[in-house]
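So the sequence shown is residues 1 to 120, counted in my numbering. What follows is a short report on a single structure.
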Amino acid sequence: MKVGHLVEPVCEALIRAARNQSLLSWDQIVRTVGKDASVLDAAMRRELFVRIDQDAPHGEPLLCALLVSNMMHPVYPEVLRALGTGLDGRTRRAARHGRDPSSPEMAPPVMADRAVSDAV
1 MKVGHLVEPV CEALIRAARN QSLLSWDQIV RTVGKDASVL DAAMRRELFV RIDQDAPHGE
61 PLLCALLVSN MMHPVYPEVL RALGTGLDGR TRRAARHGRD PSSPEMAPPV MADRAVSDAV
């Protein structure tokens, strides 16, 4: 199955989510764009998100980052690598542990002496 016909509707759904300052699950995308999206395997989803974000300016947030689940979507790190975008430390840790990078447990450890010097 080709994903080209899904690029525009999925992109529009992600842009709406960004404007509304919200996130989308894959199930919400499927409900929005139709059953064609429901049959995409991980490789097809990766291709879809790479196509959506391939023209994003370097350093700008990627639309595929708006896709959420209870864990980081497994395709996200692959899309970043395919686009030549590096993962920051928090995102690398989250990908390694299959977690959402925005979760508090993925924050870097706080250095005690740094916290003290910042407080002074």
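We put the beta carbon where it would ideally sit given N, CA and C, even for glycine.
Taken atom to atom, the span from the alpha-carbon of residue 13 to that of residue 32 is near 7 Å. In the three-state reduction of the DSSP assignment, residue 6 falls in the helix class, which pools H, G and I.
Short of 7 Å from the beta carbon of residue 6, and not among the five residues preceding or following it, lie these beta carbons of its own chain, in chain order: 33, 36, 37, 48. The Cβ atoms of residue 66 and residue 24 sit closer than 9 Å to each other. By the C-beta density criterion, residue 43 is exposed, having fewer than 16 other C-beta atoms within 10 angstroms. In this structure, the alpha-carbon of residue 77 lies about 15 Å from that of residue 59. The Cβ neighbour count for residue 27, taken over all protein chains shown within 10 Å, is under 16; the residue is labelled exposed.
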